[in-house]
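Note that the protein sequences, when read in sequence, are chains A and G. Oh and the first sequence: position 385 is 385 in our numbering, straight run, nothing missing. Counting the second sequence from 1 gives a position; our numbering is that position plus 1000. Ideal Cβ placement from N, Cα and C applies to all residues, glycine included. Quick notes on the structure that follows.
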Amino acid sequence: MYDLIIIGGGPAGYVAAEQAGGLGKKALLVERDPHLGGVCLNTGCIPTKTMLHCATLYANASEGDAFGVHAEELRFDYAAVRKHVDKTVDRLRKGVRALMRQNKVDVKVGDARITGRGKIRVNDETYEGEHLLVCTGSRPYLPPIDGLKNNDRVLTNADILALDEMPDRLAIIGAGIIGCEFACLYACAGKEVVVVEMLDHVGGDTEPELAKVMQKELHKRGVTFHLQATVNEVDGATIKFQDKKGKERTFEADAVLVATGRSANTEGFGLEDLGVDAHDGRIQVDDRARTNVPGAYAAGDVTGRQPFAHFAYRQGTVAVQHMFGQDAICREDAVPAVIYTDPELASVGLTEAEAREQGREVKTAKFPLTNNGRYLAETRGQRGLAKAVVGAQHGELLGMHIVAPHASEMIATAAVMIETELRAPDIRELIFPHPTISEALRDVLHGV
Amino acid sequence: MATPVQMPQPGNTVEECLLVEWAVPEGKPVTKGQVVCTIETDKATFEVESPADGTLVRQFVSAGEVAPVLTTIGAVGEPGEDVSDLAPTSAAPSQPAGRKAAKEPKKEMREEPRAESPAPQDPQSAASAQRADGRRAVSPRARKLAARLGVDPTGLQGSGPQGRVVSDDVQAAAGRLTPLARAEQAATGRTAQAPSGLGGRARARDLVEAAPQEAPPEEIPLTQIRARIAERMRASLAQHAQLTLHGSADATALLALRRRFKEARSADEEAPNVTLNAMICAAAVWTLPAFPELNATFDPEAEKLVRYSQVHLGVAVDTDRGLMVPVVRNAHAMRLSELTGAIAQTAAEARSGAIDPDRLYGGTFTITNLGALGVERFTPVLNSPQVSILGVCAIEERPVPDGAGGVRFQPALGLSLTIDHQVVDGAPAARFLQALAQSIGTFDFALAQQAV
């Protein structure tokens, strides 16, 4: 009898297993893939960010003249890139395995099926656990576009990362986080990229001014965006779409990447038999990661709360802490979101629009990063922007948004400010290193 | 010339100190250098030495009081010397909270005779660090820190002497709230509950309206009378098998008579004020002699059952001190006006506290009337060792057949008769109740029978 059975070995699952082991509890982790780490480690965050680093390195080297760096005979060796990515992924996979061993977690490879309260079956073996944690994650959503299914030229993120060669022309359906990142990756590698997006902005739910900056920078690198456009048909690798003026357009690509969001994996493993509420296509949980069924928890993408690996880590941790007696709360006010384009776009907390929607009285301020010393020194003609949203009465930081190099590293500081409910006067008491771009976190508040 | 004992200043920023205790009582001899008292700041205690040889003539500041530094707290001189000129003035310009605290609780003690605490002169009771407005005393250092951190110190639990809020308390309170929560608290006065923030901090959303100052439950000491009543009630229920029968009587005649008596009184002040209760008591005591079973006392331990030919009527009276049941002796032999007067007088004596204690014993039957208070039916407790008690309830209009196929309303007087089933059975009790109802229902006739 296990203290905890975890279904799914991605960020939520393996971190939860580690936590359980750390508490001296006996956990069973079931993962259908021979490798742990889920999408994030194997076909998501890690491989894409690694490739983006390689590609932006190449792109920046080609643009080094202004900095006195003259590069001839630069080439982007995708095979070497793949090797580096595989090595990185491999190292991390081994790391997760070691983590499971250190924490005495039993790992089983196979498809788990829930057969009753606290009971699962894997590969014809039955296991019992006092608590259950469902971390089955999500999969790419395929919109009902003609020609999308059963088309070997249509790729998901996992497919495109597995290619041995980069297609020269890439069509991307969807300009959210994944769409923009792959657009950046391919454009930096010198490929032709066309992105078709239904909404009137890129980047998903970000500050519109920052999304525009990122869009312009990607455009400078060679990405063509069609916003307010709908793909009607995919024929092989050719996409047929209607642009915002209503005109029928076509783009003949070598491959089509579908980046239109992800759906939670809630079906096919007996969840409904347990009576777990998974309406709306995701497992409904509270801020302690509890489902409606006592003893059953869920964490990560399958809960549809915040589609990030780092949120999955936290949610999995809260679940384990809660089930073994500690009342932890999975707060969601300061979950950073990062788009690893060049420049990076990082966000934490509320956008101005979200704050006003909630009926809050807020003040906002923007800071062009060309006013920042380091930014000026290290960029040429690249636009950068920081925007802060603060409460009107007390000046507490509600949201921080930055588009700039290294934004992903800075945003954690802003997350701490929001978690601890620092107000603008408190933040002004902090000492930031100079010269860094992070000074913008403080300087943007001069505007409120 | 006496020498003043001064409150020292054990630090540049210290403004006042608490006098913890005197080591030497007033009037006792001291030598120079001898420790006369101990004082305390937020951080440390110090000993104060006598500045001279002599007698500690006065302690101007009591143990538990706070006094500003560099003021006089005592005087050393000749025994009996007048040292009033050395007394510290009570209105120091920077009135520290502690000084006020020492003065006002004393005043409060005197104004409220019901306070449990002993004589106001007791320094310990005046030593409570409660200010007059009920808040705890706050040390000056704590107050400064509180202002800087944006914490309201008056609501805090103090860890200092007598619950005094000291700087550590302010620090602890500040650390538990985020800066926003603190700002919100300062602006709205709401307090933090169930912190949900990082590291156990309370966030702004965790603030809730402060619970209105709840009055603490009050412990009421039992008076002699109450304790006695409690004992008797308990004993009665324990020793008698009590059963209550409910019935009612037609009150039409009673009400009509009552009106007549009232009219008579408005014409002539001297006319007797015959109440409904008096008439009901009369009906009862005139009926009872025919039912000797109910006019008795029973001692279950001795198994002694005594029946009486006289009716000594116990009349339940609600007084400030509690329920009392004085006895009207030989009520059965009284005319209505006599009975009315006797009941009225007895009740008045019981309420005023002037009743002769002997009058509280010797009853053979008791009547208790809650009708005026709207009670419709109840289960009176036997006035032990009596074997029956009549409870009189309110008059309710009740529909009764009018003989012509419809209904008419009749005033019905509720009667609740409790008996001791150890010695009185249901049937005899019911027969008495029936006879009583009959007597009440035809009270004009009962009156006539008495006169005849």
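query, result
"Where R428 of chain A meets chain G, residues with beta-carbon distance less than 9 Å", "Those within 9 Å of R428 of chain A in chain G number zero; the least Cβ separation is about 12 Å."
"Secondary structure of Y127 of chain A, DSSP reduced to three states", "strand"
"A386 of chain A, DSSP secondary structure in three states", "strand"
"Outcome for G300 of chain A when other beta-carbon atoms lying within 10 angstroms are tallied against a minimum of 16", "buried"
"Short CB-CB distance (under 7 Å) between A1023 of chain G and chain A", "no"
"Rounded Cβ spacing between G38 of chain A and G10 of chain A (contact assumed at less than 8 Å)", "2 Å"
"Residue burial classification, D342 of chain A (beta-carbon count within 10 angstroms, cutoff 16)", "buried"
"E1016 of chain G Cβ short of 6 Å to the ligand COA heavy atom set", "Here there are no bound small molecules, and the ligand COA is not part of this structure."
"Residues near A81 of chain A in its chain [Cβ-Cβ closer than 7 Å; skip 5 each side]", "Position check: residue 81 of chain A holds Val in this sequence, whereas Ala was assumed. M51, C54."
"Neighbour-count burial assignment, N150 of chain A, 16 or more Cβ in a 10 Å radius", "exposed"
"Buried/exposed call for A1115 of chain G, threshold 16 Cβ in 10 Å", "With a pLDDT of 36 at A1115 of chain G, under the threshold of 50, the modelled position of this residue cannot be trusted, and the question is left open."
"Beta carbon proximity, L1149 of chain G to chain A, threshold 7 Å", "no"
"Members of the segment 396-429 of chain A that neighbour chain G once the beta carbon cut-off is set at 7 Å", "E396, E419, T420, E421, L422, R423, D426"
"Cα-Cα separation between G1098 of chain G and S1139 of chain G, rounded to whole angstroms", "Confidence in G1098 of chain G is poor, its pLDDT being 42 and thus under 50, which makes the residue's placement unreliable; the coordinate value appears in the next sentence. Straight-line Cα distance between these residues: approximately 8 Å."
"Among A:Q358, A:Y313, A:E409, the one whose alpha carbon lies nearest that of I339 of chain A", "A:E409"
"T1418 of chain G burial status per 10 Å Cβ neighbour count (16 or more: buried)", "buried"
"Stretch-stretch touch, CB-based, cutoff 8 Å, three pairs: the segment 243-258 of chain A with the segment 270-286 of chain A", "no"
"Pick from G:P1292, G:T1188, G:R1232 that is closest to L1305 of chain G, judged by C-alpha positions", "G:P1292"
"Length of the line joining the Cα atoms of P1096 of chain G and P1068 of chain G", "For P1096 of chain G, the pLDDT reaches just 42, beneath the cut-off of 50, and the residue's location in the model is therefore unreliable, leaving the point undetermined."
"A365 of chain A versus A:V444, A:A319, A:L4, A:Y78, residue with shortest Cα-Cα distance", "A:V444"
"Contact list for the segment 321-332 of chain A against chain G, Cβ threshold 9 Å", "I329, R331"
"Which residues DSSP lists as bridging H1246 of chain G, in chain order", "G:S1416"
"The segment 1256-1264 of chain G in contact with the segment 1354-1366 of chain G per 3-pair CB rule at 8 Å", "no"
"Interface residues of chain A facing R1203 of chain G [CB-CB closer than 8 Å]", "E421"
"The segment 198-213 of chain A in contact with the segment 395-408 of chain A per 3-pair CB rule at 8 Å", "yes"
"The segment 291-313 of chain A: positions lying closer than 9 Å to chain G by Cβ", "none"
"Bounding residues of the beta strand (DSSP E) (the contiguous stretch that carries D3 of chain A)", "2-7"
"Cβ-Cβ distance between A1023 of chain G and V1036 of chain G below 7 Å", "yes"
"Start-to-end residues for the beta strand (DSSP E) that takes in F432 of chain A", "Counting along the chain, F432 of chain A falls outside any beta strand (DSSP E), and DSSP gives it neither H nor E."
"Helix, strand or coil at N1277 of chain G according to DSSP, with G and I counted as helix", "helix"
"Candidates G:G1064, G:T1041, G:K1028: closest to R1058 of chain G by CA position", "G:K1028"
"Beta-carbon proximity of V1327 of chain G to A1316 of chain G, cut-off 7 Å", "no"
"Pick from A:Q284, A:T413, A:G381, A:N292 that is closest to A346 of chain A, judged by C-alpha positions", "A:T413"
"Identity of the residue in A:V348, A:E421, A:G316, A:G395 nearest L29 of chain A by Cα", "A:G316"
"Beta-carbon proximity of R982 of chain G to S1159 of chain G, cut-off 7 Å", "Absent from the model: residue 982 of chain G. The displayed extent of chain G is 1001 to 1452, so no value can be given."
"Nearest-angstrom Cα separation, counted from K216 of chain A out to G381 of chain A", "12 Å"
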